[in-house]
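**Q**
2 protein chains.
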Amino acid sequence: MKFDKASHSEHISTHFDAELEQIKSNLMAMGGLVEQQLADALAALASRDALLAERAQKSDNKINQMEITIDEECIRIIARRQPAASDLRLVVAISKANRDLERVGDETCRIARYATKMLREGVPSNTEVRHIGRHVSEMVRNSLTAFARYDTELAYQVAREDFNVDEEYKFAMRALVTDMMEEPRHVARNMNIIWILRSLERIGDHACNISDHLIYLVKGINVSHSSLEQIKETVRE
Amino acid sequence: MKFDKASHSEHISTHFDAELEQIKSNLMAMGGLVEQQLADALAALASRDALLAERAQKSDNKINQMEITIDEECIRIIARRQPAASDLRLVVAISKANRDLERVGDETCRIARYATKMLREGVPSNTEVRHIGRHVSEMVRNSLTAFARYDTELAYQVAREDFNVDEEYKFAMRALVTDMMEEPRHVARNMNIIWILRSLERIGDHACNISDHLIYLVKGINVSHSSLEQIKETVRE
Numbered sequence: 536m537k538f539d540k541a542s543h544s545e546h547i548s549t550h551f552d553a554e555l556e557q558i559k560s561n562l563m564a565m566g567g568l569v570e571q572q573l574a575d576a577l578a579a580l581a582s583r584d585a586l587l588a589e590r591a592q593k594s595d596n597k598i599n600q601m602e603i604t605i606d607e608e609c610i611r612i613i614a615r616r617q618p619a620a621s622d623l624r625l626v627v628a629i630s631k632a633n634r635d636l637e638r639v640g641d642e643t644c645r646i647a648r649y650a651t652k653m654l655r656e657g658v659p660s661n662t663e664v665r666h667i668g669r670h671v672s673e674m675v676r677n678s679l680t681a682f683a684r685y686d687t688e689l690a691y692q693v694a695r696e697d698f699n700v701d702e703e704y705k706f707a708m709r710a711l712v713t714d715m716m717e718e719p720r721h722v723a724r725n726m727n728i729i730w731i732l733r734s735l736e737r738i739g740d741h742a743c744n745i746s747d748h749l750i751y752l753v754k755g756i757n758v759s760h761s762s763l764e765q766i767k768e769t770v771r772e
Numbered sequence: 536m537k538f539d540k541a542s543h544s545e546h547i548s549t550h551f552d553a554e555l556e557q558i559k560s561n562l563m564a565m566g567g568l569v570e571q572q573l574a575d576a577l578a579a580l581a582s583r584d585a586l587l588a589e590r591a592q593k594s595d596n597k598i599n600q601m602e603i604t605i606d607e608e609c610i611r612i613i614a615r616r617q618p619a620a621s622d623l624r625l626v627v628a629i630s631k632a633n634r635d636l637e638r639v640g641d642e643t644c645r646i647a648r649y650a651t652k653m654l655r656e657g658v659p660s661n662t663e664v665r666h667i668g669r670h671v672s673e674m675v676r677n678s679l680t681a682f683a684r685y686d687t688e689l690a691y692q693v694a695r696e697d698f699n700v701d702e703e704y705k706f707a708m709r710a711l712v713t714d715m716m717e718e719p720r721h722v723a724r725n726m727n728i729i730w731i732l733r734s735l736e737r738i739g740d741h742a743c744n745i746s747d748h749l750i751y752l753v754k755g756i757n758v759s760h761s762s763l764e765q766i767k768e769t770v771r772e
């Protein structure tokens, strides 16, 4: 059941493989747009730029439309081409990664809305948002690179990073809650940051899911509920 | 020797239909388990019952395993049977609803963990959790009934209910945040309730998604990014 990268790219010449390559590159194009949207939302917070926050929110429609198109293409290719083995796994993995990417877009749109709100209220962001934001953006980029290159080792690194992000997230949350207890005037502004961190943490989860789909594609094994140690074994065996 | 094409294809389709019915009933069984898990988590909060909270958390493994099994069955049926038209839509809709149901299980597990924490800390739940919890449970039940009966009108009602839940959620959130500003000693306990309400609101979204997948199955139209008005038109035309 293993995915043979060499033989897969060898018969790229056939029309069917061209179609598969097309939906894969459509997914990558959507990934690029989502990455840009996330970069805009985080830059809006860091540099207090309302226009960037607005641009990030406006991307949502385009990303939703791309999700529907890729989903339809996946179903059409299954109906017309009746793919088997690794071709079918590629279509299934693209279809699942498509949904996770769209969710990253949703969470990013939420962050951009909070950015707009905070700019309007004159509330500053904080270093945890910057730090975790950078970390999570890297996870999204790496999950897409892993998918593009069938790189299961990089996919495993994404899963490993998620544990670090979760720790950073819990630490930041505790600090924000403690601050609210000591300084009730900070409640409203900290809640904005809490929701942004929550969205960032969710984006990290979706980057992990995208990596899981790539591992399924290459190894034929569903690792979506596996431990980090099991993922490592699956990838390196 | 005459080849009876009609009876042959009848035989094949009968067997195939039995396979399709089987994965659909596996999905419904998983739905039943998720409904029970949610009922347990909410009852744990309402009647301060730690055993129910524990049971809800323990269901998670079983639900995750069911998700993997149904996912594998969907892929196997596509590879072996090469379904077309409405059969393919059924497999796709089951596969997507499967993922949403598993997410409902995840959010419910999170609620059960907060229930355990609140019971340990002697913190009471509140009426909003009870009220929104009942509302969201009804949405999950109706989305599964809609799926079981191919009832698009009921699926539309679920989408409509989500707007009411969102309003109730926003109202409850505002009250909890205001209370934290006025009474800093309530910060820690209100944060528990805020996370529970957030999970309930997400469960409502997943119930909506399951309804969307059913509408796609019956009508062949992807309504996942449609307005409520567009969904109504799609269902009633």
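Residue numbers (this note's numbering), protein chains in the order written: chain E, 536 to 772; chain X, 536 to 772. Glycine included, each C-beta is placed from N, C-alpha and C at the ideal position.
(1) Which class does Asp-584 (chain X) belong to by DSSP, given the choice of helix, strand or coil?
(2) For Gln-617 (chain E), would you say it is in contact with chain C, using Cβ-to-Cβ distances shorter than 8 Å as the test?
(3) I believe Pro-659 (chain X) touches Met-716 (chain E) by the beta-carbon criterion, under 8 Å. Please report the beta-carbon distance rounded to the nearest angstrom.
(4) Is the CB of Leu-623 (chain E) under 8 Å away from at least one CB in chain X?
(5) With distances taken Cα to Cα, identify the nearest neighbour of Ala-650 (chain X) among X:Glu-589, X:Asp-686, X:Ser-621.
(6) Given this structure, state the Cα-to-Cα distance separating Ile-613 (chain E) from Cys-743 (chain X), to the nearest angstrom.
(7) Interface residues of chain X around Val-639 (chain E) at Cβ under 9 Å?
(8) Is DSSP giving Thr-549 (chain E) helix, strand or coil here?
(9) What does the Cβ neighbour count give for Ser-672 (chain E), buried or exposed, with the cut at 16 atoms within 10 Å?
(10) In the structure shown, what three-state DSSP assignment does Gln-617 (chain E) receive?
(11) Is the separation between the beta-carbon of Val-770 (chain E) and that of Tyr-685 (chain E) shorter than 8 Å?
(12) Which residue from X:Gly-739, X:Glu-772, X:Asp-740, X:Leu-763 puts its Cα closest to that of Gly-755 (chain X)?
(13) Between the Cα of Pro-618 (chain E) and the Cα atoms of X:Leu-573, X:Asn-633, X:Arg-611, which residue gives the shortest distance?
(14) Unbroken beta strand (DSSP E) runs of length 3 or more, entirely within the region 649-690 of chain E: which are they?
(15) If you draw a straight line from the C-alpha of Arg-737 (chain X) to the C-alpha of Ala-707 (chain X), how long is it?
(16) Distance, Cα to Cα, Arg-634 (chain E) vs Glu-602 (chain E)?
(17) Using a C-beta cutoff of 8 Å, does Tyr-727 (chain E) count as contacting chain X?
(18) Between the Cα of Leu-654 (chain E) and the Cα atoms of E:Glu-764, E:Phe-698, E:Thr-662, E:Asp-584, which residue gives the shortest distance?
(19) In three-state terms, what does DSSP make of Val-758 (chain X)?
(20) To the nearest angstrom, how far is it from the Cα of Thr-680 (chain E) to the Cα of Asp-697 (chain E)?
(21) Helix, strand or coil, according to DSSP, for Glu-589 (chain X) in the structure here?
(22) Go through its chain and collect everything with a Cβ distance to Asp-714 (chain E)'s Cβ below 8 Å, but skip five positions before and after it.
(23) In whole angstroms, what is the alpha-carbon distance linking Ser-621 (chain X) and Asp-552 (chain X)?
(24) How many angstroms separate the CA atom of Glu-570 (chain E) from the CA atom of Val-639 (chain X)?
(25) Taking 8 Å as the limit between beta carbons, can you name the residues of its chain near Ile-598 (chain X), skipping five residues before and five after?
(26) Which bits of chain E does Val-675 (chain X) rub up against, with CB to CB less than 8 Å?
(27) Within 10 angstroms of the Cβ of Arg-665 (chain X), are there 16 or more other Cβ atoms? Answer buried if so, exposed if not.
(28) Count the other CB atoms within 10 Å of the CB of Glu-607 (chain X); is the residue buried (16 or more) or exposed (fewer)?
(29) What residue from E:Val-712, E:Leu-752, E:Arg-695 has the CA that sits closest to Ile-766 (chain E)'s CA?
(30) Quick check on this structure: which residue in X:Asp-595, X:His-748, X:Leu-577, X:Ser-762 has the alpha carbon closest to the alpha carbon of Ile-629 (chain X)?
(31) At a CB distance below 7 Å, what residues from the region 703-725 of chain X approach chain E? Give them in sequence order.
(32) Please tell me whether Ala-491 (chain E) and Ala-579 (chain E) are closer than 8 Å, where the distance is taken between their beta carbons.
(33) Could you give the distance in angstroms between the alpha-carbon of Val-712 (chain E) and the alpha-carbon of Gln-592 (chain X)?
(34) Does any residue of chain X have a CB that is nearer than 8 Å to the CB of Asp-760 (chain E)?
(35) Using the beta-carbon of each residue, which ones in chain E are nearer than 9 Å to Ala-614 (chain X)?
(36) What residues in the region 596-612 of chain X bring their beta carbon closer than 9 Å to a beta carbon of chain E?
**A** So, to answer that:
(1) coil
(2) Protein chains in the displayed structure are E and X, and chain C is not among them.
(3) Going by Cβ atoms, the distance from Pro-659 (chain X) to Met-716 (chain E) rounds to 19 Å, so no, they are not a contact pair.
(4) yes
(5) X:Glu-589
(6) 26 Å
(7) Those do not exist, as Val-639 (chain E) stays about 15 Å from chain X at its closest Cβ, beyond 9 Å.
(8) coil
(9) buried
(10) coil
(11) no
(12) X:Glu-772
(13) X:Arg-611
(14) none
(15) 15 Å
(16) 7 Å
(17) The question names Tyr, but residue 727 (chain E) is Asn in the sequence shown. By this cut-off, Asn-727 (chain E) is not an interface position.
(18) E:Asp-584
(19) coil
(20) 16 Å
(21) helix
(22) His-721, Asn-725
(23) 12 Å
(24) 27 Å
(25) Met-565, Leu-568, Val-569, Gln-572, Leu-636, Glu-637, Gly-640
(26) Per Cβ cutoff of 8 Å: no residues; Val-675 (chain X) is ~19 Å from chain E at best.
(27) exposed
(28) exposed
(29) E:Arg-695
(30) X:His-748
(31) Val-712, Met-715, Met-716, Pro-719, Val-722, Ala-723
(32) The structure shown does not extend to residue 491 (chain E), since chain E is modelled only from 536 through 772, so no value can be given for it.
(33) 25 Å
(34) The sequence shown places His at residue 760 (chain E), not Asp. It does: the Cβ of His-760 (chain E) has a partner Cβ on chain X nearer than 8 Å.
(35) Gln-617, Pro-618, Ala-619, Ala-620, Leu-623
(36) Asn-596, Asn-599, Gln-600, Glu-602, Ile-603, Asp-606, Glu-607, Cys-609, Ile-610
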